[in-house]
Amino acid sequence: MTAPASTSILHRPWFCALLLFLGTAILVGMTSGDIGFTRDEGYYFKAGRDYFGWFAELWQNLLNGKFTQSFSKSAIDRHWSYNHEHPVLVKTMFALSYGVLKEWLGIFSTDSEAMRFVGWIFGGLTVSMTYLLARTLVSNGLAILAALLWLFMPRTFWHMHLACFDIPIIFGHVWLIYAYLQSQRSLKHAIWAGVVFGLAAAIKHNVLFVPFILVLHWMLVQARWPKFEQAGLKLPSIPLAFFTIAVLGPIVFVLHWPYLWPDVISRIGWYFNFHLDHEHYPILYFGELLSAPPFPRHFPFVMSAVTIPLVTLGLILLSLGAAIYALVRHFPRLRRNNDVPLQHPHAVLLLLFLNAVMPFWVIANPGTPIFGGTKHWMNGVPFLCILAVWVLQVLFHQIRNSNHYKKLQTGVIGALLVPAALLTFHSHPYGLSSYNEVIGFARGAANAGFQRTFWGYEPQESWDMINQRTPKNSKLHLGDTNQASYRTYKKDKIIRKDLRYSGRVQNSHAASVQPQGEFKKQWVDVWNMWKTRKPAGVVHIDGVPLSTVSFKP
C-alpha cells in the first residue's frame, strides 16, 4: 500500500529524483580520480576521440557548403569504424563531452575526466530512475531506500565511475520498464516506450531480451484467449507499446549509429553475430580458471551471494520468497475476476520480479560468457532492491500500530544502509575486489580461490613510484592494462612522456602485474628473469595483493 501523497516538495517524486541524481553524480565525481583506467575504457577513450573527429569535420563541411560529404561511406568509415562491436549512443556522449567540455570550453583538464563525466551522470540517473520505478509500488521513503540500496553496492558504486556501458545500460533497462508501466495511459506514452527501447538498445545489447519479458508479463497478467461473440471473433487487446517497441525501436537504433548507414543489413548482421559468438575471457572461481564453456550454472548466484552486502542480501532473499508467495496466492483470484490493470500492485510486482530474475537466468546458461565479475547480470539488481523495500513495506504495515513503530523502522533502515555504505567506502577504489561476510571479505575470497581483481586498473596507486624510479625512456609492462589505456595515462600527464609500453616482462624495466589467474605467469617471469621475489610495491585490499610493482635490477 502506497503512502498518501504529500504536498511538501520533499515528497514530490521529481524533486527527490533530482536530489538523488545530483548527490550521486557529485559523490561519484569526487571519488573518480582514485580509480585507474580499465581495459575497456582505453578502447572507449580512443573511440570518443575518433567519433568527435566526425562532428568536427561535419561542422567544417557545413561552413564550407559540403555538408553531405560527412555522410559518405569513406567519411563514416574513417571516423566510426573503430570499436563497431558496440552501439555508439554512450560513446557519442563521451565524444561530445571530450570535444565540447574539454577541448572547446576547457571545463575539464584531461580526456579521462571529460569522458568519465558521462559515467557519473549515468550513475546518478540509475539511482534516480530506481527511485522513480520504486514509487510505482512503495512509499516515497522506501523508494528512496531502494535507490540507496542500489547505490551502496560496492561493485555498483565502483562501476559508476567509469567511461563504460554497464551502468548506462542499467539505466536504459530500468527506464524502459518505467516507460512501459506508463504506456497504457495514452498514445504519447506508448510512443515514448518505443523510443526508450530504441535508446536503450543503442547503449548495449543487454536490453534486447526485455521485450520477451514484457510479452510474458502481458500473457500472465492481461492476455485472454480469443473467443466468439455475437459480433464475431474477439481478439485479446494487445498493448500498443508492443507495436511502438517493434517499429520505433529499430528505427531509433539505426538512426543513432552512423556506422550502420552505408550497409544497414550487413553491418547489423555482423553486430549480432559478434555477440552471439563472443570470445570467452578467463575468470578464477573456487580456484579453477574458467576459460571456456560449459560454465557452472550457479556462477551468478554464488557471486551475488558473496558480493552483495549481507543484510541487503538477506532482505532480497526474503523478498523473493514473499513475492513468489504473494503472486501464487493472489493472481489466480485476480485473473478469474477480470483483467489485471498494468498498474495493479501485483502486476507491478510480477513485472519487477521477472526483470530481477531474467538477467541471472541468462548468465546461468552454461554457454553464456561469464567474464566481467558481476556486471553482466547487474541490471537485475535495481529490481531486487525494489523488491527488498516492498517486503519491508509489507512488514512495516504489520507493525504499524506498535508503540515502537518509528524506532523499529529507523533501526531497520539503519541496519540496511550503514553496513552497506561502510563496505562500499571501505572497498573503494578497488570495488571489483569487494566481497562480503559470507566468504570472509576480500581475504576469505582470495583463500577460497575467487578472482581478486581484473581489468587492469590497479596501477593507479603505483604511478608515483614508477615515475620516480624508472630511468629515462624505460619500458613498462603493465599486465592487464592495455596500450590504449596507457596512451591516455600519458596524454593526461599521469605518467612521464618518455616511458614506453611493453607487452612482455622480458623487454621491460618495470612491471606491474596481477599475482593471480591468467596473469600469474607474468608474476613468475618477474621472479625468474629479474631474480627477485620481493616487489618494490604492492597494491592490496585488506592485505590481499591485487598487483605488484617490480623494477629490473
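Quick note: the sequence shown, position 161, residue 1339 per this note's numbering, numbers continuous.
Using N, Cα and C, we set each Cβ at its ideal position, and we do this for glycine too.
- For E1466, the enclosing beta strand (DSSP E) covers residues E1466 to L1468.
- CA-to-CA, the gap between K1675 and G1350 works out to about 39 Å.
- Assignment of beta-bridge partners to F1729 by DSSP yields A1688.
- The region 1337–1356 and the region 1264–1272 touch, with no fewer than 3 CB-CB distances between them shorter than 8 Å.
- Residue environment: A1253 is assigned as buried (16 or more neighbouring CB atoms within 10 Å of its CB, all protein chains considered).
- Under DSSP, no beta-bridge partner is assigned to L1724.
- By the neighbour-count definition (other C-beta atoms within 10 Å, threshold 16), F1603 is an exposed residue.
- In the pairwise beta carbon analysis, the region 1323–1332 is classified as touching the region 1584–1595: at least three pairs are separated by under 8 Å.
- With contacts defined by Cβ atoms closer than 9 Å, E1263 and F1452 form a contacting pair.
- Each residue's CA atom was taken as its position, placing L1586 and V1572 some 14 Å apart.
- Fully contained in the region 1221–1303 are the following alpha helix (DSSP H) runs of length 4 or more, in chain order: 1251–1258 and 1267–1274.
- Bounds of the beta strand (DSSP E) holding S1680 are R1678 to S1680.
- By the Cβ test, the region 1352–1363 is in contact with the region 1308–1315, since at least three Cβ pairs between them sit closer than 8 Å.
- Under the three-state reduction of DSSP output, V1518 falls in the coil class, being neither helix nor strand.
- The beta-bridge partner set that DSSP reports for Y1463 consists of E1466.
- L1656 carries a coil assignment under DSSP once its states are collapsed to helix, strand and coil.
- For A1195, same chain residues with a beta-carbon under 8 Å away, outside a window of 5 residues either side, are S1306, M1307, Y1309 and L1310 in chain order.
- Here V1716 is not near A1688, since their CB atoms are 9 Å or more apart.
- Rounded to whole angstroms, the gap between the alpha carbons of V1432 and L1386 is 14 Å.
- Annotation for G1427: G1372, F1375, G1376 and A1379 place their beta carbon closer than 7 Å to its own, counting only its chain and skipping 5 residues before and after.
- In this structure, DSSP gives V1717 an extended state, which the three-state scheme calls strand.
- Burial is judged here by how many other beta carbons sit within 10 angstroms of a residue's own beta carbon; I1502 has fewer than 16 and is exposed.
- Around E1457, the same chain offers no residue with a beta carbon nearer than 7 Å, after the five sequence neighbours per side are excluded.
- A contact is defined here as three or more CB-CB pairs under 8 Å, and the region 1212–1224 meets this definition with respect to the region 1661–1673.
- In this structure, DSSP gives F1330 a state outside helix and strand, which the three-state scheme calls coil.
- In terms of CA proximity to R1475, N1543 leads the group A1424, T1422, N1543 and Y1449.
- Runs of the alpha helix (DSSP H) spanning 4 or more residues and lying entirely within the region 1302–1373 occur at 1318–1329, 1332–1337 and 1344–1360, in chain order.
- Shown here, P1428 sits in a helix according to DSSP, grouped into three states.
- DSSP, reduced to helix, strand and coil, places F1215 outside both helices and strands of the structure shown, so it counts as coil.
- Within the region 1552–1595, the alpha helix (DSSP H) runs of at least 4 residues that lie entirely inside it are, in chain order, 1559–1576.
- Taking D1670 as the centre and dropping the five residues before and after it, the same chain places the C-beta of T1288, D1289 and S1290 closer than 7 Å to its C-beta, in chain order.
- Taking all protein chains shown into account, V1704 has 16 or more neighbouring C-beta atoms within 10 Å of its C-beta and is therefore buried.
- In this model, G1634 and A1500 are separated by some 41 Å (Cα to Cα).
- Taken through DSSP and simplified to helix, strand or coil, I1644 comes out as helix.
- Remark: fewer than three beta-carbon pairs, one from each stretch, lie closer than 8 Å, so the region 1504–1512 and the region 1601–1620 are not flagged as touching.
- Secondary structure at T1631: coil, using DSSP grouped into helix, strand and coil.
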